[in-house]
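In our numbering, the protein residues as written are 11 to 188.
Okay, structure coming up:
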């Protein structure tokens, strides 16, 4: 056990799918790949979703096979109950889900100020479930995800669109779709 210099403000940290690198966030829109032996930056990719940059990805977790789509970095978006799954190779979003429901912590009016928001996620590889919690939440909740197969965009997707619009997330225009 030891310590190493870290050239960024630390928001989220996990490991790459092959275990060779660390993947970090620092409040910006970047997913940062770091060599743990040297603490040097190997790569930085902007996280994109719905054609926008997504800043504030926090509390990261690597899921080796996210809903049968391969590896994904999963993290909550700061000051929301939204959790984004991101392809670690491209930093494009694969999915979004919202931490809400009758069995979960009641939503509070002050969430947009950072209180009572999602702020903890862990993946149980054996069960395929997630354990989630948040700031000032009284519990940890076990949740199972499934793909939304309905013809209409889900509630989480609509909440993400609203968040990106109100947060002033800039459009991303670097080739391809996101």
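We put the CB at the ideal spot given by N, CA and C, even for glycine.
Check your understanding: When we look at the beta-carbon of residue 46 and count the other beta-carbons within 10 Å, is it buried (16 or more) or exposed?
Key -> Counting from one through the chain shown, the residue named residue 46 turns up at place 36. Exposed.
Review point. Distance, Cα to Cα, residue 29 vs residue 105?
Key: Looking up residue 29 in the chain shown gives position 19. Looking up residue 105 in the chain shown gives position 95. About 23 Å.
Exercise for review: Note the first and the last residue of the continuous beta strand (DSSP E) segment covering residue 171.
Suggested key: Translated into positions along the chain shown, residue 171 becomes position 161. No beta strand (DSSP E) holds residue 171; the alpha helix (DSSP H) holding it covers 165 to 176.
**Study point:** Status (buried if at least 16 other CB within 10 Å, exposed otherwise) for residue 22
**Key:** Here residue 22 refers to the residue found at position 12 when the chain shown is read from its first residue. It is buried - the Cβ of residue 22 has at least 16 other Cβ atoms within 10 Å.
Review point. Quick one: what's residue 40 bridged to in DSSP?
Key: Within the chain shown, residue 40 is the residue found at index 30, counting from 1. Answer by DSSP bridge pairing, in chain order: 56.
Exercise for review: Would you please state the rounded distance, in angstroms, between the beta carbons of residue 57 and residue 93? I believe it to be under 8 Å.
Suggested key: On the chain shown, residue 57 is found 47 positions in, with the first residue counted as 1. On the chain shown, residue 93 is found 83 positions in, with the first residue counted as 1. No, residue 57 and residue 93 are not in contact; Cβ-Cβ is about 13 Å, not under 8 Å.
Point to revise | Local conformation of residue 141 per DSSP, three classes | key: Counting from 1 along the chain shown, the entry for residue 141 is found at position 131. Residue 141: strand per DSSP, three-state reduction.
Review point. Who are the Cβ neighbours of residue 191 in its own chain at under 7 Å, not counting the five residues just before and after it?
Key: Only positions 11 to 188 of the chain appear in the structure, and residue 191 is not among them; the question remains open.
Review point. Ordered along the chain, which non-local residues of its own chain (more than five positions away) have a Cβ less than 8 Å from that of residue 76?
Key: Taking the chain shown and counting its residues from 1, the one referred to as residue 76 is at position 66. Correct list, in chain order: 82, 84, 95, 104 and 105.
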